[in-house]
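Just below is one structure, and these are the notes that go with it.
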Amino acid sequence: MKKNMYALIALCALASSAFAQIQVDAPWARATVPVQKTSGAFMQLLSAKDVRLVAASSPVAGAVEMHKMEMKGDQMKMEQVDGINLPAGKAVKLASGGYHFMLIDLKRQLKAGDAVPLTLTVEHPNKKRESITIQVPVKPLNFVSQPGAHAGH
């Protein structure tokens with residue numbers, strides 16, 4: 008049963024991402040403890056055309072923000088960004104320590120094994136916008152993405 012659910016989630020992600028010609032690879036969100044109000048979501052995006060990721064939303068969060076973490080001097084800083092460029096044919100990794108999504112004001116606990124819908128909005132150079140919705144699997148609190156999973160990107 009669980010395998011069928013994951014197959015359906017993967018199929019939905021592929022079908023919805025094909026519309027905007029965005030390939031979504033290895034999406035995941037971090038599980039939360041019961042009182043926690045924020046979490047992060049991570050993935051790799053590959054666009055067939057030059058587009059800009061300009062917004063994200065989810066019914067499980069009051070807001071979804073795009074953030075970037077980077078070293079400034081000897082301190083790691085996190086700040087909200089208004090968009091993320093997705094150059095044609097170049098994979099863009101959204102991962103801890105770089106660009107990522109923050110799910111803010113969570114409406115419920117995110118439990119490992121669940122999946123949460125996440126709608127991504129991209130803007131084309133002609134300012135036309137398209138949205139795609141993917142299902143993001145929730146991973147355990149101690150989950151670490153495999154470093155070799157995207158070798159060469």
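Going left to right, the sequence shown walks through residues 8 to 160 as this note's numbering numbers them.
Just so you know, even glycine gets a beta-carbon here, dropped at the ideal spot from N, CA and C.
On the premise that residue j lies in contact with residue i, defined as a C-beta separation below 8 Å, what is that separation, rounded to the nearest angstrom?
{"i": "V88", "j": "M73", "result": "5 Å"}
{"i": "K146", "j": "A38", "result": "6 Å"}
{"i": "M76", "j": "G104", "result": "5 Å"}
Under 6 Å Cβ to Cβ from residue i, same chain only, skipping five residues before and after it: list those, please.
{"i": "L101", "result": "F49, M50, H107"}
{"i": "L53", "result": "Q30, A98"}
{"i": "P41", "result": "Q116"}
{"i": "K134", "result": "none"}
Determine the direct distance from the alpha carbon of residue j to that of residue i, and round the result to whole angstroms.
{"i": "V129", "j": "K97", "result": "15 Å"}
{"i": "F150", "j": "A68", "result": "21 Å"}
{"i": "L127", "j": "G80", "result": "32 Å"}
{"i": "S23", "j": "P124", "result": "Residue placement at S23 cannot be trusted, given a pLDDT of 44 that sits under 50; what the coordinates show is reported in the next sentence. Approximately 12 Å between the Cα atoms of the pair."}
{"i": "D112", "j": "T45", "result": "6 Å"}
{"i": "S65", "j": "K114", "result": "10 Å"}
{"i": "V61", "j": "M78", "result": "23 Å"}
{"i": "M83", "j": "S152", "result": "20 Å"}
{"i": "A173", "j": "Q43", "result": "There is simply no residue 173 to check, as the chain begins at 8 and stops at 160 in what is shown."}
Sort the options by Cα distance to residue i and report the nearest one.
{"i": "R59", "options": "V145, I91, Q142", "result": "I91"}
{"i": "K56", "options": "A95, M85, S138", "result": "A95"}
{"i": "P144", "options": "Q43, L117, A63, V71", "result": "L117"}
{"i": "L148", "options": "H131, A63, P132, A119", "result": "A119"}
{"i": "L93", "options": "A122, P132, Q43, P41", "result": "P132"}
{"i": "S138", "options": "A63, P41, V42, A36", "result": "A63"}
Among the residues of its own chain, which have a CB less than 8 Å from the CB of residue i, if the five just before and after it don't count?
{"i": "A20", "result": "Confidence at A20 is low in this model, with a pLDDT of 49, below 50, so its placement is unreliable and no value can be given for it."}
{"i": "M85", "result": "H74, K75, M76"}
{"i": "H157", "result": "Residue placement at H157 is flagged as unreliable, the pLDDT there being 41, under the threshold of 50; a coordinate-derived value is accordingly withheld."}
{"i": "R136", "result": "V61, T128, V129, E130"}
{"i": "Q28", "result": "S54, A55, K56"}
{"i": "F26", "result": "Residue confidence for F26 is low, a pLDDT of 48 falling below 50, so the modelled location carries little weight and cannot support an answer."}
Does residue i get closer than 9 Å to chain C when you measure Cβ to Cβ?
{"i": "K79", "result": "The chain labelled as chain C is not found in the depicted structure, where only one protein chain is given."}
Excluding the five sequence neighbours on either side, which residues of its own chain have a C-beta within less than 7 Å of the C-beta of residue i, listed in chain order?
{"i": "A122", "result": "I16, Q142, V143, P144, V145"}
> Whole beta strand (DSSP E) runs in the stretch 22 to 80 with 3 or more residues, listed along the chain?
Replying inline: Runs of the beta strand (DSSP E) lying entirely within the stretch 22 to 80 and spanning at least 3 residues, in chain order: 29 to 37, 45 to 54, 58 to 64, 68 to 79.
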